[in-house]
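Heads up: the structure comes next, in C-alpha coordinates.
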Amino acid sequence: MTSFCLRSKLNVTTLEDSCHRIARELSCPPFVAAILEMQGRVSLHDIDKARAWLSPSLDFFAASCFLGEGARAVAERWQRLSSLGNVVVYGDYDVDGVSSTTLAMELCKERAAGVRYYIPHRHMEGYGLHRQVVQQLLVAGCDTLIIVDCGTKDGDILKEAQQTGMNVFVFDHHLPEKGELPASFIVNPQIDGDKEGKLLCATAVLWLWAYQFKIMPMEWLAEHLDLVALATIADCMTLGSLNRALVKEGLERIRYTARPGLELLIKRLGLFHRFVNEEQLAMKVIPCLNAAGRLAFADLAVKVLTGEEPVENHVEELISLNRKRQNLSTRITKEAVKVVEERSKHVLFEESWPVGVLSGVASRLCSEKNAPVVLAAPVQDWIRGTLRMPEGGNAVQVLDHLSDQLEAWGGHKQAAGFSVSKDNWEKLRGDLEHILASVEYEDPEISALALHPSQITLQDWKSALDLGPFGMGNPCPLLYCESYGNEQFLPLGKTGLHLKIQLGSEYLVAFNSVEILKTLSSSHITGWVYHPRVDFWRGQPRLQFMLDYIVLDS
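Counting in my numbering, the sequence shown runs from 692 upward without gaps.
Have a look at this one:
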(Lines of atoms letter the chains of each structure in order from A and count residues from 1; the text may use other names and numbers.)
(Lines give C-alpha, C1' and ligand atoms only; values in the text may rest on other atoms or scores of the structure.)
Protein backbone atom coordinates (compact mmCIF):
# COMPACT_ATOMS: atom_id res chain seq x y z
CA MET A 1 0.00 0.00 0.00
CA THR A 2 1.56 3.29 -1.14
CA SER A 3 1.57 6.17 1.34
CA PHE A 4 2.99 9.68 1.77
CA CYS A 5 6.16 10.80 3.51
CA LEU A 6 7.25 14.38 4.14
CA ARG A 7 10.84 15.13 3.14
CA SER A 8 11.37 16.62 6.59
CA LYS A 9 10.58 13.20 8.13
CA LEU A 10 12.96 11.31 5.84
CA ASN A 11 16.54 10.55 6.90
CA VAL A 12 18.57 9.78 3.77
CA THR A 13 22.01 8.18 4.06
CA THR A 14 24.55 7.60 1.30
CA LEU A 15 27.30 5.11 0.56
CA GLU A 16 30.26 6.47 2.53
CA ASP A 17 33.92 5.38 2.49
CA SER A 18 33.34 3.59 5.79
CA CYS A 19 30.84 1.28 4.05
CA HIS A 20 33.54 -0.02 1.71
CA ARG A 21 35.91 -0.67 4.63
CA ILE A 22 33.17 -2.47 6.60
CA ALA A 23 32.25 -4.46 3.49
CA ARG A 24 35.83 -5.71 3.19
CA GLU A 25 35.83 -6.80 6.84
CA LEU A 26 32.50 -8.63 6.50
CA SER A 27 33.06 -9.95 2.95
CA CYS A 28 29.75 -8.46 1.85
CA PRO A 29 28.71 -5.90 -0.80
CA PRO A 30 29.08 -2.20 0.20
CA PHE A 31 25.31 -1.98 -0.30
CA VAL A 32 24.77 -4.41 2.60
CA ALA A 33 27.38 -2.67 4.77
CA ALA A 34 25.60 0.64 4.16
CA ILE A 35 22.29 -0.85 5.32
CA LEU A 36 23.93 -2.25 8.46
CA GLU A 37 25.45 1.15 9.19
CA MET A 38 22.12 2.92 8.54
CA GLN A 39 20.39 0.56 10.98
CA GLY A 40 23.04 1.13 13.64
CA ARG A 41 24.13 -2.51 13.62
CA VAL A 42 27.78 -1.93 12.74
CA SER A 43 30.65 0.52 13.06
CA LEU A 44 34.33 0.37 12.20
CA HIS A 45 34.98 -0.17 15.92
CA ASP A 46 32.51 -3.06 16.36
CA ILE A 47 32.52 -5.40 13.36
CA ASP A 48 31.71 -8.47 15.49
CA LYS A 49 28.27 -7.05 16.30
CA ALA A 50 27.40 -7.16 12.59
CA ARG A 51 28.84 -10.67 12.19
CA ALA A 52 26.53 -11.89 14.95
CA TRP A 53 23.55 -10.23 13.26
CA LEU A 54 24.38 -11.76 9.87
CA SER A 55 24.74 -15.24 11.39
CA PRO A 56 22.44 -15.47 14.44
CA SER A 57 22.95 -18.46 16.73
CA LEU A 58 19.59 -19.98 17.67
CA ASP A 59 21.19 -22.28 20.25
CA PHE A 60 22.86 -19.35 22.03
CA PHE A 61 19.78 -17.12 22.14
CA ALA A 62 17.38 -19.97 23.00
CA ALA A 63 19.54 -21.21 25.88
CA SER A 64 20.02 -17.75 27.39
CA CYS A 65 16.37 -16.62 27.30
CA PHE A 66 14.54 -16.65 30.66
CA LEU A 67 10.87 -17.64 30.43
CA GLY A 68 10.13 -16.94 34.10
CA GLU A 69 10.07 -18.93 37.33
CA GLY A 70 6.98 -20.86 36.26
CA ALA A 71 8.81 -22.61 33.41
CA ARG A 72 10.90 -24.87 35.65
CA ALA A 73 7.96 -25.67 37.94
CA VAL A 74 5.84 -26.66 34.94
CA ALA A 75 8.65 -28.80 33.52
CA GLU A 76 9.09 -30.63 36.82
CA ARG A 77 5.36 -31.35 37.05
CA TRP A 78 5.31 -32.51 33.41
CA GLN A 79 8.26 -34.85 33.86
CA ARG A 80 6.82 -36.38 37.05
CA LEU A 81 3.76 -37.61 35.15
CA SER A 82 4.20 -41.17 33.87
CA SER A 83 1.31 -40.62 31.47
CA LEU A 84 -0.73 -37.59 30.44
CA GLY A 85 -3.86 -39.73 30.06
CA ASN A 86 -6.61 -38.21 27.94
CA VAL A 87 -5.36 -34.82 26.77
CA VAL A 88 -7.31 -31.82 25.53
CA VAL A 89 -5.44 -28.85 24.07
CA TYR A 90 -7.45 -25.65 24.49
CA GLY A 91 -6.36 -22.97 22.02
CA ASP A 92 -7.30 -19.73 20.31
CA TYR A 93 -8.68 -18.97 16.86
CA ASP A 94 -5.84 -16.92 15.32
CA VAL A 95 -2.68 -18.29 13.66
CA ASP A 96 -0.67 -18.22 16.89
CA GLY A 97 -3.54 -20.07 18.53
CA VAL A 98 -3.87 -22.79 15.87
CA SER A 99 -0.07 -23.13 15.56
CA SER A 100 0.41 -23.56 19.32
CA THR A 101 -2.56 -25.95 19.39
CA THR A 102 -0.91 -28.05 16.66
CA LEU A 103 2.48 -27.95 18.41
CA ALA A 104 0.99 -28.94 21.78
CA MET A 105 -0.96 -31.85 20.25
CA GLU A 106 2.12 -33.20 18.49
CA LEU A 107 4.31 -32.65 21.55
CA CYS A 108 2.22 -34.78 23.90
CA LYS A 109 1.03 -37.44 21.43
CA GLU A 110 3.51 -40.12 22.51
CA ARG A 111 2.74 -39.73 26.24
CA ALA A 112 -1.05 -39.53 25.98
CA ALA A 113 -3.80 -42.13 25.76
CA GLY A 114 -5.59 -39.78 23.39
CA VAL A 115 -5.28 -36.18 22.21
CA ARG A 116 -8.09 -33.84 21.22
CA TYR A 117 -8.33 -30.08 20.92
CA TYR A 118 -10.91 -27.38 21.54
CA ILE A 119 -10.88 -23.88 20.07
CA PRO A 120 -13.76 -21.56 21.02
CA HIS A 121 -15.84 -20.02 18.25
CA ARG A 122 -14.89 -16.37 17.77
CA HIS A 123 -18.47 -15.07 17.57
CA MET A 124 -20.49 -17.48 19.72
CA GLU A 125 -17.98 -17.82 22.58
CA GLY A 126 -15.17 -15.31 22.18
CA TYR A 127 -11.58 -15.27 23.41
CA GLY A 128 -10.27 -17.02 26.50
CA LEU A 129 -10.87 -19.97 28.76
CA HIS A 130 -14.57 -20.62 29.42
CA ARG A 131 -15.62 -22.23 32.71
CA GLN A 132 -18.53 -24.14 31.13
CA VAL A 133 -16.24 -25.74 28.54
CA VAL A 134 -13.72 -26.82 31.19
CA GLN A 135 -16.53 -28.41 33.21
CA GLN A 136 -17.72 -30.29 30.11
CA LEU A 137 -14.20 -31.53 29.41
CA LEU A 138 -13.91 -32.82 32.96
CA VAL A 139 -17.18 -34.77 32.62
CA ALA A 140 -15.93 -36.15 29.29
CA GLY A 141 -12.88 -37.67 31.02
CA CYS A 142 -10.13 -35.13 30.35
CA ASP A 143 -7.07 -35.95 32.49
CA THR A 144 -4.70 -33.25 31.21
CA LEU A 145 -5.68 -29.79 29.98
CA ILE A 146 -3.03 -27.89 28.00
CA ILE A 147 -4.02 -24.28 27.39
CA VAL A 148 -2.18 -22.27 24.73
CA ASP A 149 -2.35 -18.60 23.70
CA CYS A 150 -4.82 -17.79 26.49
CA GLY A 151 -5.43 -18.63 30.15
CA THR A 152 -3.25 -16.06 31.93
CA LYS A 153 -6.26 -13.96 32.91
CA ASP A 154 -8.36 -16.97 33.96
CA GLY A 155 -6.69 -17.84 37.28
CA ASP A 156 -9.92 -18.77 39.09
CA ILE A 157 -10.99 -21.22 36.38
CA LEU A 158 -7.50 -22.74 36.30
CA LYS A 159 -7.47 -23.29 40.07
CA GLU A 160 -10.93 -24.87 39.96
CA ALA A 161 -9.79 -27.25 37.21
CA GLN A 162 -6.66 -28.24 39.12
CA GLN A 163 -8.62 -28.84 42.33
CA THR A 164 -10.66 -31.53 40.52
CA GLY A 165 -7.44 -33.50 39.94
CA MET A 166 -7.01 -32.46 36.33
CA ASN A 167 -3.41 -31.79 35.22
CA VAL A 168 -3.34 -28.17 34.02
CA PHE A 169 -0.58 -26.53 31.95
CA VAL A 170 -0.72 -23.02 30.45
CA PHE A 171 1.59 -21.60 27.76
CA ASP A 172 0.70 -18.00 27.03
CA HIS A 173 2.15 -14.60 26.17
CA HIS A 174 -0.69 -12.21 26.97
CA LEU A 175 -0.20 -9.50 29.56
CA PRO A 176 -1.37 -10.57 33.04
CA GLU A 177 -3.75 -8.59 35.21
CA LYS A 178 -2.69 -7.44 38.65
CA GLY A 179 -2.81 -10.09 41.33
CA GLU A 180 -1.15 -13.36 42.20
CA LEU A 181 -0.92 -16.01 39.49
CA PRO A 182 -0.56 -19.78 40.05
CA ALA A 183 2.98 -19.99 38.64
CA SER A 184 3.20 -23.76 39.15
CA PHE A 185 1.21 -24.36 35.98
CA ILE A 186 1.70 -21.19 33.89
CA VAL A 187 4.59 -20.51 31.52
CA ASN A 188 4.26 -16.88 30.48
CA PRO A 189 7.35 -14.66 30.20
CA GLN A 190 5.10 -11.60 30.50
CA ILE A 191 4.84 -12.41 34.22
CA ASP A 192 8.55 -12.42 35.11
CA GLY A 193 10.54 -13.35 32.01
CA ASP A 194 13.42 -11.39 30.51
CA LYS A 195 13.30 -8.88 27.63
CA GLU A 196 13.65 -11.46 24.84
CA GLY A 197 11.11 -13.73 26.52
CA LYS A 198 8.52 -10.96 26.58
CA LEU A 199 8.76 -10.71 22.78
CA LEU A 200 7.69 -14.31 22.16
CA CYS A 201 4.32 -15.46 20.83
CA ALA A 202 2.56 -18.39 22.51
CA THR A 203 3.86 -20.96 20.01
CA ALA A 204 7.42 -19.78 20.63
CA VAL A 205 6.89 -19.90 24.41
CA LEU A 206 5.80 -23.54 24.19
CA TRP A 207 8.62 -24.46 21.78
CA LEU A 208 11.31 -22.73 23.85
CA TRP A 209 10.07 -24.35 27.07
CA ALA A 210 10.30 -27.78 25.40
CA TYR A 211 13.80 -26.86 24.12
CA GLN A 212 15.19 -25.60 27.43
CA PHE A 213 13.91 -28.52 29.50
CA LYS A 214 14.61 -31.20 26.86
CA ILE A 215 10.96 -32.25 26.70
CA MET A 216 11.53 -33.53 23.15
CA PRO A 217 14.64 -34.51 21.13
CA MET A 218 16.45 -31.69 19.33
CA GLU A 219 15.67 -33.10 15.89
CA TRP A 220 11.94 -33.09 16.69
CA LEU A 221 12.15 -29.50 17.95
CA ALA A 222 13.99 -28.36 14.81
CA GLU A 223 11.31 -29.93 12.62
CA HIS A 224 8.60 -27.95 14.42
CA LEU A 225 10.16 -24.52 13.96
CA ASP A 226 7.85 -24.05 10.97
CA LEU A 227 4.96 -23.50 13.37
CA VAL A 228 7.01 -21.03 15.44
CA ALA A 229 7.88 -18.97 12.35
CA LEU A 230 4.26 -18.87 11.17
CA ALA A 231 2.96 -17.75 14.55
CA THR A 232 5.70 -15.17 15.17
CA ILE A 233 5.07 -13.51 11.81
CA ALA A 234 1.29 -13.73 12.20
CA ASP A 235 1.30 -12.04 15.63
CA CYS A 236 3.67 -9.31 14.37
CA MET A 237 6.10 -10.03 17.19
CA THR A 238 9.21 -7.86 17.41
CA LEU A 239 12.12 -9.59 15.68
CA GLY A 240 14.75 -9.27 18.38
CA SER A 241 17.76 -11.57 18.47
CA LEU A 242 15.83 -14.70 19.52
CA ASN A 243 12.69 -14.20 17.43
CA ARG A 244 14.75 -13.42 14.35
CA ALA A 245 16.78 -16.61 14.81
CA LEU A 246 13.58 -18.63 15.34
CA VAL A 247 11.94 -17.24 12.21
CA LYS A 248 15.11 -17.62 10.14
CA GLU A 249 15.35 -21.33 10.98
CA GLY A 250 11.59 -21.77 10.77
CA LEU A 251 11.46 -20.35 7.25
CA GLU A 252 13.93 -22.98 6.12
CA ARG A 253 11.67 -25.67 7.62
CA ILE A 254 8.65 -24.23 5.80
CA ARG A 255 10.55 -24.27 2.51
CA TYR A 256 11.31 -27.95 3.00
CA THR A 257 8.33 -28.81 5.19
CA ALA A 258 6.93 -32.28 5.65
CA ARG A 259 3.50 -30.77 6.38
CA PRO A 260 1.41 -31.70 3.32
CA GLY A 261 -1.37 -29.24 4.14
CA LEU A 262 0.91 -26.23 4.49
CA GLU A 263 2.90 -27.17 1.40
CA LEU A 264 -0.28 -27.57 -0.66
CA LEU A 265 -1.67 -24.25 0.61
CA ILE A 266 1.52 -22.44 -0.39
CA LYS A 267 1.42 -23.95 -3.87
CA ARG A 268 -2.30 -23.27 -4.35
CA LEU A 269 -1.64 -19.61 -3.58
CA GLY A 270 0.75 -19.48 -6.53
CA LEU A 271 3.95 -19.27 -4.50
CA PHE A 272 7.24 -21.06 -5.13
CA HIS A 273 7.43 -23.36 -2.14
CA ARG A 274 11.24 -23.54 -1.99
CA PHE A 275 11.59 -19.74 -2.03
CA VAL A 276 8.66 -18.61 0.13
CA ASN A 277 9.58 -15.68 2.38
CA GLU A 278 8.21 -13.85 5.40
CA GLU A 279 6.43 -11.20 3.30
CA GLN A 280 4.56 -13.85 1.29
CA LEU A 281 3.61 -15.68 4.46
CA ALA A 282 2.29 -12.45 6.00
CA MET A 283 0.41 -11.28 2.92
CA LYS A 284 -0.95 -14.55 1.52
CA VAL A 285 -0.57 -17.69 3.65
CA ILE A 286 -1.38 -16.30 7.11
CA PRO A 287 -4.58 -14.48 6.03
CA CYS A 288 -5.83 -17.81 4.65
CA LEU A 289 -5.15 -19.61 7.93
CA ASN A 290 -6.76 -16.76 9.86
CA ALA A 291 -9.87 -16.82 7.67
CA ALA A 292 -11.01 -20.07 9.29
CA GLY A 293 -11.35 -18.53 12.74
CA ARG A 294 -12.69 -15.23 11.42
CA LEU A 295 -15.60 -16.59 9.39
CA ALA A 296 -16.13 -20.19 10.56
CA PHE A 297 -14.34 -22.58 12.93
CA ALA A 298 -10.57 -22.37 13.47
CA ASP A 299 -10.54 -26.18 13.44
CA LEU A 300 -10.16 -25.98 9.65
CA ALA A 301 -6.75 -24.28 10.01
CA VAL A 302 -5.65 -26.96 12.49
CA LYS A 303 -6.69 -29.65 10.00
CA VAL A 304 -4.53 -28.02 7.31
CA LEU A 305 -1.51 -27.69 9.62
CA THR A 306 -1.81 -31.27 10.88
CA GLY A 307 -2.43 -32.61 7.36
CA GLU A 308 -5.72 -34.25 8.28
CA GLU A 309 -7.32 -36.01 5.31
CA PRO A 310 -8.81 -35.09 2.94
CA VAL A 311 -6.17 -32.35 3.02
CA GLU A 312 -6.96 -31.11 -0.51
CA ASN A 313 -10.56 -30.38 0.49
CA HIS A 314 -9.49 -28.56 3.65
CA VAL A 315 -7.06 -26.36 1.69
CA GLU A 316 -9.69 -25.49 -0.93
CA GLU A 317 -12.22 -24.62 1.77
CA LEU A 318 -9.66 -22.39 3.47
CA ILE A 319 -8.90 -20.53 0.23
CA SER A 320 -12.62 -20.08 -0.43
CA LEU A 321 -13.15 -18.63 3.05
CA ASN A 322 -10.27 -16.23 2.50
CA ARG A 323 -11.83 -14.93 -0.73
CA LYS A 324 -15.01 -14.26 1.21
CA ARG A 325 -12.97 -12.47 3.90
CA GLN A 326 -11.26 -10.30 1.27
CA ASN A 327 -14.59 -9.23 -0.23
CA LEU A 328 -16.03 -8.39 3.18
CA SER A 329 -12.88 -6.49 4.19
CA THR A 330 -12.98 -4.40 1.01
CA ARG A 331 -16.60 -3.42 1.64
CA ILE A 332 -16.07 -2.61 5.31
CA THR A 333 -12.91 -0.61 4.60
CA LYS A 334 -14.79 1.63 2.16
CA GLU A 335 -17.59 2.17 4.67
CA ALA A 336 -15.18 2.85 7.53
CA VAL A 337 -13.00 5.26 5.54
CA LYS A 338 -16.10 7.25 4.59
CA VAL A 339 -17.13 7.59 8.25
CA VAL A 340 -13.60 8.56 9.34
CA GLU A 341 -13.32 11.24 6.65
CA GLU A 342 -16.82 12.66 7.21
CA ARG A 343 -16.96 12.60 11.00
CA SER A 344 -13.31 12.34 12.12
CA LYS A 345 -14.19 9.49 14.47
CA HIS A 346 -11.88 6.92 16.09
CA VAL A 347 -14.66 4.53 17.20
CA LEU A 348 -16.77 3.06 14.41
CA PHE A 349 -19.82 0.80 14.82
CA GLU A 350 -22.08 -0.88 12.30
CA GLU A 351 -24.84 -3.44 12.90
CA SER A 352 -24.10 -5.38 9.70
CA TRP A 353 -20.33 -5.79 10.07
CA PRO A 354 -19.11 -9.38 10.65
CA VAL A 355 -16.86 -9.27 13.71
CA GLY A 356 -14.37 -11.78 12.31
CA VAL A 357 -12.92 -9.44 9.69
CA LEU A 358 -12.80 -6.24 11.75
CA SER A 359 -9.29 -6.68 13.15
CA GLY A 360 -7.69 -6.77 9.69
CA VAL A 361 -9.62 -3.67 8.58
CA ALA A 362 -8.74 -1.86 11.81
CA SER A 363 -5.04 -2.65 11.33
CA ARG A 364 -5.12 -1.25 7.81
CA LEU A 365 -6.92 1.95 8.85
CA CYS A 366 -4.58 2.44 11.82
CA SER A 367 -1.55 2.07 9.55
CA GLU A 368 -2.89 4.40 6.84
CA LYS A 369 -4.09 7.12 9.22
CA ASN A 370 -1.35 6.65 11.87
CA ALA A 371 -4.13 6.99 14.42
CA PRO A 372 -5.95 4.68 16.86
CA VAL A 373 -8.99 2.87 15.48
CA VAL A 374 -11.82 0.90 17.11
CA LEU A 375 -14.22 -1.13 14.97
CA ALA A 376 -17.18 -2.81 16.67
CA ALA A 377 -20.29 -4.80 15.81
CA PRO A 378 -23.00 -6.75 17.66
CA VAL A 379 -22.73 -10.47 18.40
CA GLN A 380 -25.83 -11.93 20.06
CA ASP A 381 -26.33 -9.92 23.30
CA TRP A 382 -22.91 -8.27 23.19
CA ILE A 383 -20.89 -5.71 21.31
CA ARG A 384 -17.47 -7.01 20.30
CA GLY A 385 -14.74 -4.62 19.26
CA THR A 386 -11.14 -4.51 18.13
CA LEU A 387 -8.69 -1.72 18.99
CA ARG A 388 -5.55 -0.93 17.01
CA MET A 389 -2.92 1.56 18.14
CA PRO A 390 -0.04 3.13 16.18
CA GLU A 391 3.54 2.60 17.26
CA GLY A 392 4.03 4.24 20.63
CA GLY A 393 0.44 3.66 21.74
CA ASN A 394 -0.72 1.08 24.25
CA ALA A 395 -4.06 -0.65 23.65
CA VAL A 396 -3.77 -2.63 26.89
CA GLN A 397 -3.51 0.55 28.97
CA VAL A 398 -6.56 2.03 27.24
CA LEU A 399 -8.75 -1.02 27.90
CA ASP A 400 -7.38 -1.52 31.41
CA HIS A 401 -8.48 2.03 32.21
CA LEU A 402 -12.02 1.10 31.07
CA SER A 403 -12.03 -2.48 32.36
CA ASP A 404 -14.88 -1.91 34.82
CA GLN A 405 -17.19 -1.38 31.82
CA LEU A 406 -16.00 -4.46 29.92
CA GLU A 407 -17.24 -8.03 30.10
CA ALA A 408 -13.95 -9.38 28.73
CA TRP A 409 -10.84 -8.01 27.07
CA GLY A 410 -7.24 -8.85 26.22
CA GLY A 411 -4.42 -8.28 23.79
CA HIS A 412 -1.10 -6.54 23.25
CA LYS A 413 0.22 -2.97 23.07
CA GLN A 414 -0.72 -2.44 19.42
CA ALA A 415 -3.77 -4.71 19.20
CA ALA A 416 -6.52 -5.70 21.62
CA GLY A 417 -10.11 -6.90 21.63
CA PHE A 418 -13.03 -6.51 23.99
CA SER A 419 -16.65 -7.47 24.71
CA VAL A 420 -19.21 -5.16 26.31
CA SER A 421 -22.92 -5.46 27.04
CA LYS A 422 -25.24 -3.56 24.73
CA ASP A 423 -26.46 -1.54 27.72
CA ASN A 424 -22.93 -0.26 28.42
CA TRP A 425 -21.90 0.28 24.80
CA GLU A 426 -22.82 3.94 24.35
CA LYS A 427 -20.98 5.01 27.51
CA LEU A 428 -17.92 2.94 26.56
CA ARG A 429 -18.05 4.33 23.03
CA GLY A 430 -17.97 7.89 24.31
CA ASP A 431 -15.17 7.18 26.78
CA LEU A 432 -13.08 5.45 24.11
CA GLU A 433 -13.60 8.33 21.68
CA HIS A 434 -12.54 10.84 24.33
CA ILE A 435 -9.40 8.90 25.31
CA LEU A 436 -8.29 8.14 21.74
CA ALA A 437 -8.95 11.68 20.49
CA SER A 438 -6.73 13.11 23.22
CA VAL A 439 -3.69 11.07 22.23
CA GLU A 440 -1.26 12.82 19.88
CA TYR A 441 0.87 10.91 17.37
CA GLU A 442 3.60 12.22 15.13
CA ASP A 443 4.30 10.79 11.72
CA PRO A 444 7.22 8.39 12.21
CA GLU A 445 10.64 9.26 10.84
CA ILE A 446 11.81 7.04 7.99
CA SER A 447 15.40 6.08 7.18
CA ALA A 448 16.40 5.22 3.63
CA LEU A 449 19.60 4.64 1.66
CA ALA A 450 20.04 6.83 -1.42
CA LEU A 451 20.29 4.39 -4.32
CA HIS A 452 18.66 4.31 -7.75
CA PRO A 453 17.09 0.97 -8.80
CA SER A 454 19.53 0.74 -11.69
CA GLN A 455 22.42 0.57 -9.18
CA ILE A 456 21.16 -2.63 -7.47
CA THR A 457 21.84 -6.13 -8.77
CA LEU A 458 19.96 -9.32 -7.97
CA GLN A 459 23.06 -10.66 -6.21
CA ASP A 460 23.31 -7.49 -4.08
CA TRP A 461 19.77 -7.97 -2.84
CA LYS A 462 20.25 -11.69 -2.22
CA SER A 463 23.16 -10.73 0.03
CA ALA A 464 20.97 -8.17 1.79
CA LEU A 465 18.45 -10.90 2.60
CA ASP A 466 20.97 -12.19 5.17
CA LEU A 467 19.86 -9.19 7.24
CA GLY A 468 16.37 -10.69 7.46
CA PRO A 469 13.91 -12.06 8.17
CA PHE A 470 12.25 -8.66 8.10
CA GLY A 471 9.29 -7.54 10.16
CA MET A 472 8.44 -5.68 13.35
CA GLY A 473 11.67 -4.49 14.97
CA ASN A 474 13.74 -5.40 11.91
CA PRO A 475 12.07 -3.61 9.01
CA CYS A 476 12.94 -4.28 5.41
CA PRO A 477 15.63 -1.79 4.31
CA LEU A 478 14.19 1.16 2.40
CA LEU A 479 15.89 2.91 -0.51
CA TYR A 480 15.44 6.41 -1.88
CA CYS A 481 15.76 7.99 -5.29
CA GLU A 482 15.03 11.58 -6.25
CA SER A 483 12.24 12.63 -8.57
CA TYR A 484 13.20 14.84 -11.50
CA GLY A 485 9.66 15.28 -12.79
CA ASN A 486 10.24 13.20 -15.92
CA GLU A 487 8.86 9.86 -14.69
CA GLN A 488 6.32 8.00 -16.79
CA PHE A 489 3.19 6.59 -15.14
CA LEU A 490 1.97 3.40 -16.80
CA PRO A 491 -1.17 1.40 -15.88
CA LEU A 492 -0.63 -1.95 -14.16
CA GLY A 493 -3.24 -4.72 -13.93
CA LYS A 494 -6.92 -4.72 -14.85
CA THR A 495 -8.41 -2.87 -11.88
CA GLY A 496 -7.12 0.60 -12.76
CA LEU A 497 -5.79 1.03 -9.23
CA HIS A 498 -2.10 0.27 -9.73
CA LEU A 499 0.78 1.88 -11.62
CA LYS A 500 4.29 1.31 -12.89
CA ILE A 501 6.47 4.37 -12.43
CA GLN A 502 9.19 4.34 -15.07
CA LEU A 503 12.59 5.55 -13.86
CA GLY A 504 14.89 5.24 -16.85
CA SER A 505 15.57 1.55 -17.47
CA GLU A 506 13.83 0.43 -14.26
CA TYR A 507 10.38 0.95 -12.78
CA LEU A 508 8.64 1.01 -9.42
CA VAL A 509 5.49 -1.02 -8.78
CA ALA A 510 2.97 1.25 -7.04
CA PHE A 511 -0.08 -0.54 -5.63
CA ASN A 512 -3.28 1.44 -4.97
CA SER A 513 -1.56 4.64 -6.06
CA VAL A 514 -3.72 5.95 -8.93
CA GLU A 515 -6.15 7.85 -6.69
CA ILE A 516 -3.33 9.15 -4.50
CA LEU A 517 -1.35 10.56 -7.42
CA LYS A 518 -4.47 12.23 -8.86
CA THR A 519 -4.57 14.50 -5.82
CA LEU A 520 -0.94 15.58 -6.17
CA SER A 521 0.90 18.10 -8.27
CA SER A 522 4.13 16.62 -9.64
CA SER A 523 5.94 19.76 -8.48
CA HIS A 524 5.38 18.68 -4.87
CA ILE A 525 6.91 15.21 -5.38
CA THR A 526 10.60 15.22 -4.45
CA GLY A 527 11.35 11.51 -4.51
CA TRP A 528 10.37 7.89 -4.04
CA VAL A 529 11.01 5.49 -1.15
CA TYR A 530 10.95 1.84 -2.18
CA HIS A 531 12.25 -1.64 -1.42
CA PRO A 532 13.43 -4.46 -3.68
CA ARG A 533 11.98 -7.95 -3.66
CA VAL A 534 12.73 -11.12 -5.60
CA ASP A 535 10.01 -12.12 -8.05
CA PHE A 536 9.87 -15.10 -10.38
CA TRP A 537 9.10 -14.89 -14.08
CA ARG A 538 8.81 -18.21 -15.92
CA GLY A 539 10.71 -19.87 -13.12
CA GLN A 540 13.61 -17.39 -13.15
CA PRO A 541 14.33 -14.95 -10.30
CA ARG A 542 14.30 -11.23 -11.03
CA LEU A 543 14.26 -8.02 -9.01
CA GLN A 544 11.11 -5.98 -8.55
CA PHE A 545 11.06 -2.56 -6.90
CA MET A 546 8.02 -1.87 -4.73
CA LEU A 547 7.01 1.73 -3.95
CA ASP A 548 6.39 2.39 -0.25
CA TYR A 549 6.23 6.19 0.04
CA ILE A 550 5.75 9.16 -2.25
CA VAL A 551 8.03 11.86 -0.80
CA LEU A 552 6.51 15.35 -0.69
CA ASP A 553 8.08 18.72 -0.01
CA SER A 554 5.14 19.80 2.19
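All C-beta atoms, glycine included, are put in the ideal place defined by N, C-alpha and C.
Distance CB(residue i)-CB(residue j) smaller than 8 Å
i: ALA920; j: LEU937; result: yes
i: ILE1147; j: TRP1116; result: no
i: ASP785; j: ASN981; result: yes
i: LEU772; j: VAL878; result: no
i: THR894; j: SER790; result: yes
i: ILE1137; j: LEU1169; result: yes
i: ASP681; j: ASP708; result: Given that the chain is displayed from residue 692 to residue 1245, the structure contains no residue 681 and the question cannot be resolved.
i: VAL1065; j: HIS1037; result: yes
i: VAL1111; j: GLU1098; result: yes
i: VAL1205; j: GLN1235; result: no
i: CYS1172; j: GLY1230; result: no
i: HIS865; j: GLY1101; result: yes
i: GLU1026; j: GLU1042; result: no
Buried or exposed (CB count within 10 angstroms, at least 16 for buried), residue i
i: ARG1120; result: buried
i: ASP739; result: exposed
i: GLY831; result: The sequence as given places Ala at residue 831; Gly does not occur at that position. Exposed.
i: ASN1004; result: exposed
i: VAL1152; result: Reading off the sequence shown, one finds Trp at residue 1152, where the question assumed Val. TRP1152 comes out buried.
i: TRP911; result: exposed
i: LEU735; result: exposed
i: ARG822; result: exposed
i: HIS1222; result: buried
i: ARG935; result: buried
i: GLU1133; result: exposed
i: GLU651; result: A query on residue 651 cannot be resolved here, the shown segment of the chain reaching from 692 to 1245 and no further.
Where residue i falls: helix, strand or coil (DSSP)
i: ASP739; result: helix
i: TYR902; result: helix
i: SER1050; result: helix
i: TRP1228; result: strand
i: CYS841; result: coil
i: GLN823; result: helix
i: PRO1223; result: strand
i: PRO1069; result: strand
i: GLN770; result: helix
i: ALA1099; result: strand
i: GLU1136; result: coil
i: ALA764; result: helix
i: ASN879; result: coil
i: ASN777; result: strand
i: GLN730; result: coil
i: LEU942; result: helix
i: GLY888; result: helix
i: ASN968; result: coil
i: ARG715; result: helix
i: MET907; result: coil
i: PHE1236; result: strand
i: VAL1142; result: One point to set straight first is that residue 1142 is Leu, not Val, in the sequence displayed. In this structure, LEU1142 counts as coil in the three-state DSSP scheme.
i: ILE1147; result: coil
i: LEU1243; result: strand
i: ALA913; result: helix
i: ARG935; result: helix
Host beta strand (DSSP E) of residue i (start-end)
i: GLN1179; result: 1179 to 1183
i: CYS799; result: First-last for CYS799: 786 to 799, but that is the alpha helix (DSSP H), not the beta strand (DSSP E).
i: GLY805; result: 803 to 809
i: SER694; result: 694 to 697
i: PHE862; result: 858 to 862
i: GLU1197; result: 1197 to 1201
i: LEU758; result: Taken as a continuous stretch (DSSP letters only), LEU758 belongs to no beta strand (DSSP E), as it is neither H nor E.
i: GLU1173; result: 1170 to 1173
From the options, residue whose alpha carbon lies closest to that of residue i
i: PRO1232; options: LEU890, PHE963, LYS800, CYS1057; result: PHE963
i: ASN1177; options: GLY1164, CYS833, ILE1216; result: ILE1216
i: TYR928; options: ASN1013, ALA973, GLU910; result: At residue 928 the sequence reads Met, which differs from the Tyr that was named. Among ASN1013, ALA973, GLU910, the Cα nearest to that of MET928 is on ALA973.
i: GLU801; options: ASN777, TRP1044, GLY1102, ILE810; result: ASN777
i: PHE1180; options: LEU1194, LEU829, TRP769, LEU899; result: LEU1194
i: ALA901; options: GLN770, ARG822, ALA925; result: GLN770
i: LEU916; options: LYS905, LEU897, PHE904, PHE1227; result: LEU897
i: GLY731; options: LEU1078, CYS696, PRO1166; result: PRO1166
i: CYS719; options: PRO978, ASP847, SER746; result: SER746
i: THR792; options: VAL859, ALA989, LYS844; result: ALA989
i: ASP926; options: ILE837, ASP1157, ALA1107, ARG768; result: ALA1107
i: ASN1018; options: VAL1048, ALA1027, LEU996; result: VAL1048
i: LEU829; options: LEU956, PRO1001, GLY856, CYS1057; result: GLY856
i: HIS1125; options: LEU1090, GLU816, LEU701; result: LEU1090
i: LYS804; options: ARG712, ARG946, CYS833; result: Here residue 804 turns out to be Ala, not Lys, going by the sequence shown. Residue CYS833 is the option with its Cα nearest to ALA804.
Range of the contiguous alpha helix (DSSP H) that encloses residue i
i: LYS1113; result: 1113 to 1128
i: LEU980; result: 977 to 986
i: LEU1188; result: Counting along the chain, LEU1188 falls outside any alpha helix (DSSP H), and DSSP gives it neither H nor E.
i: THR1024; result: 1002 to 1034
i: LEU1039; result: Per DSSP, LEU1039 belongs to no alpha helix (DSSP H); it is in the beta strand (DSSP E), 1038 to 1040.
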